[in-house]
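Have a look at the structure below before the remarks.
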Amino acid sequence: MVKKSALQKARASYQPKLPTALWGAVKAVEGAPTQSVANQEEIKALFPNTYGLPTITFEKDIQTKNTAPVNVGVILSGGQAPGGHNVISGLFDGIKTINKNSRLYGFLMGPGGFVDHNYIELTADIIKEYRNTGGFDIIGSGRTKLEKVEQFDKGLEILKKLDIKALVIVGGDDSNTNAAVLAEYYKSINAGVQVIGCPKTIDGDLKNEMIETSFGFDTATKVYSEVIGNIQRDCNSAKKYWHFIKLMGRSASHIALECALQTQPNYCIISEEVEANNLTLAQVVDNIAAVIANRAEKGNNFGTVLIPEGLIEFIPAMKALIAELNDLLAANPQFATLAPAAQREFVLANLSKDNADTFASLPEGVARQLTLDRDPHGNVQVSLIETEKLLSEMIGKRLAQWKEEGKYVGKFAALHHFFGYEGRCADPSNFDADYCYALGYNAAMLINSGATGYMSSIRNLTNPSVQWLAGGIPITMMMNMERRHGAMKPVIQKALVDLNGKAFLKFASQRDKWAAETCYMYPGPIQYFGPAEVCDQPSRTLYYEQGGK
Ligand code: FBP
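FYI, the numbering used here numbers position 82 of the sequence shown as 183, with every residue one higher than the one before it.
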């Protein structure tokens, strides 16, 4: 038997708190019909069976109905996020509440397990070992893109064999887009299988009015903020290094913003602002170098800079380059077979002049990274690009130049960090443990109400968890048309940092002070047990978004 730590044992007995709306019998109350956020006509034409569905809210019912057992399949898709195991525990408990003979099957290693018929039955004994734990190791995860009819038909064979009536896909924006396409297909062929999505991603970019946050964001940002706080204390003790800290978040800068709100670093880049202000890489470098030079004048040759992982794609010239590269590589599959030097030549010869110039101006390693394999959803793998080193190298050169010109008097020594994988599998915070359990349980109630093409939605999240609202939101409501792999596709719109939003404005109102002075905050580790003001705080982003001061 695997030996468990004292915390593991204590955490195993934690009972996640369900919203009262989900206690006992529930009834589904339908809201008004919905529309997609943009491109309504195109999305409606692509989803004739699942477009325009009403939102669903669950309320307490006066009597329990006798319901037949329901077999359900579950898939964990994409990057790990703390709380996935609680989604599965909640789903398991939910379908057992519907009928104790219901069964839950887990497809192994992501959507690939569904297509290849690799699965296990998730029994009470298995689930017990994973309650309130981090990771996705109960069934594993993967990034196979579910998009072809052959995959849907192949998957349907195993669903029929196991008498599975509903499939729950736990994933980010891309995976939930696939869930919507699958729901539409199964409905169009009367397959008798419902599909429900669950909002997962530490990146925090799957959110809207009805999905207040994706799960995992709370825990991951608390883990990163603890370590950033520790680095800041070290930094303020030795007063000799500048720490360049890259933070995960493939596209949006929500993680960087949340960590900045929690730790008050000297500088934090928000990619969305870089794009809005049309900044070049050189201007980003100059802005940070100016803060470093300013602190050096007061004898402070130390500090912290937070860098969102997705920065490179938000610098307008880089964005244009990546968009053209995506189309070029999609249209030329033979590119992958060329030697590195020939690949560089091919790219330079086939890009438009402006983009070729940008490509040629980049350090070779970074340029090459931009041409490497996309993930199965067509994204550049930004977590592999060492932006923190690229920036500190360029800043070092700028400061050396300013020194020669007599504009800079300090010493510049840089250290680099990348926080991403360290936080994705942490044990879920109380917030994520409760939120994920509720999302899973709520998915079971959506299945019981006959819904398909819906995302499990739990709202009112800055209130105590028992007061949370439960229901479902049609996935098509979150969709728009975007260019992917060289063609227009219906996808869930990514939620980027809102530069007029309350969380960003709070940050913007404080950052000059944080740059000039040393105002570090040290949030410490996630606390699971103790007073509510220490253990049960939502993320700062949610707090400010929902009116906190
Ligand atoms: P999801 O969008 O699938 O949740 O994954 C997010 C993420 O953690 C990003 O922050 C990061 O860029 C990426 O996954 C890393 O991918 P991989 O897990 O394949 O290394």
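We put the beta carbon where it would ideally sit given N, CA and C, even for glycine.
On a CA-only basis, which of the options is nearest residue i? Give me that one, please.
i, options, result
"K167", "I196, F436, N150 and T156", "One point to set straight first is that residue 167 is Asn, not Lys, in the sequence displayed. Nearest of I196, F436, N150 and T156 to N167, Cα basis: I196."
"Q295", "L547, I356 and A443", "L547"
"N337", "R396, K323 and D428", "R396"
"P263", "I221, P409, D238 and I371", "In the sequence under discussion, the amino acid at residue 263 is Leu, which differs from the Pro named in the question. Per the Cα distances, I221."
"D458", "A421, E489 and I486", "A421"
"S610", "P626, K650, C636 and M589", "K650"
"N456", "A424, N150 and E465", "A424"
"P183", "L516, F532, I329 and F208", "F532"
"Y542", "I199, G511, T472 and G404", "I199"
"A361", "V567, G211, Y286 and Y621", "Y621"
"P117", "A267, S566, P632 and T488", "S566"
"A501", "V386, K590, F460 and A432", "V386"
"Q109", "I559, N233 and L491", "N233"
"T651", "F436, A450 and L491", "There is simply no residue 651 to check, as the chain begins at 102 and stops at 650 in what is shown."
"A527", "G497, Y629 and G551", "Y629"
For residue i, which residues of its own chain have a beta-carbon under 7 Å away from its beta-carbon, when the five flanking residues on both sides are left out?
i, result
"A122", "F159, E160, K161, L570 and A571"
"K603", "Y645 and E646"
Just to confirm my understanding: we take residue i, look at its own chain, exclude 5 residues before and 5 after, and list those with CB closer than 6 Å. What are they?
i, result
"K607", "Y645"
"S462", "none"
"Q252", "V216"
"R469", "none"
"N202", "P170"
"S493", "F345 and A515"
"I265", "N172 and G174"
"M311", "S558 and I574"
The ligand FBP heavy atoms versus the CB of residue i: any closer than 7 Å?
i, result
"R584", "no"
"D476", "yes"
"M579", "no"
"M210", "no"
"M349", "yes"
"T158", "no"
"T302", "yes"
"R469", "no"
"G241", "no"
"R334", "no"
"G179", "yes"
"E523", "no"
"G67", "An answer regarding residue 67 cannot be provided, because it is not within the stretch 102 to 650 covered by the chain."
"E489", "no"
"E410", "yes"
"R204", "no"
Should residue i go down as buried or exposed, given a rule of 16 or more other Cβ atoms within 10 Å for buried?
i, result
"Q333", "buried"
"T438", "exposed"
"W124", "exposed"
"Y536", "buried"
"E414", "buried"
"A545", "buried"
"S137", "buried"
"Q181", "buried"
"R584", "exposed"
"D275", "buried"
"T224", "exposed"
"A383", "exposed"
"Q164", "exposed"
"A321", "buried"
"Y522", "exposed"
"V250", "exposed"
"K323", "buried"
"Q482", "exposed"
"E489", "buried"
At what residues does the beta strand (DSSP E) containing residue i begin and finish?
i, result
"R204", "First-last for R204: undefined, no H or E at that position."
"A588", "A588 to I593"
"V635", "Counting along the chain, V635 falls outside any beta strand (DSSP E), though it belongs to the alpha helix (DSSP H) covering A633 to C636."
"K161", "P155 to K161"
"F630", "Looking at the DSSP string, F630 is not in any beta strand (DSSP E), and its letter there is neither H nor E."
Just checking residue i against the ligand SAH - is the residue's beta carbon closer than 7 Å to any of the ligand's heavy atoms?
i, result
"A182", "No copy of the ligand SAH appears in this structure; the ligands present are the ligand FBP."
Can you tell me where the alpha helix (DSSP H) with residue i in it begins and where it stops?
i, result
"P417", "P417 to A432"
"C360", "H355 to T364"
"G256", "V250 to K262"
"L492", "T488 to E505"
"N581", "No alpha helix (DSSP H) contains N581, which is instead part of the beta strand (DSSP E) from M580 to R585."
"R641", "R641 to E646"
"L382", "L382 to E398"
Can you list, in chain order, the residues of its chain whose CB lies under 8 Å from that of residue i, leaving out five sequence neighbours each side?
i, result
"I576", "T151, N277, T278, A280, A281, A284, G298, G554, Y555, M556 and I593"
"K340", "N401, N402 and F403"
"A432", "G587"
Against chain E, does residue i count as a neighbour if the rule is that its beta carbon must be under 8 Å from one of theirs?
i, result
"A443", "Absence of chain E from the displayed structure is noted, only one protein chain being present."
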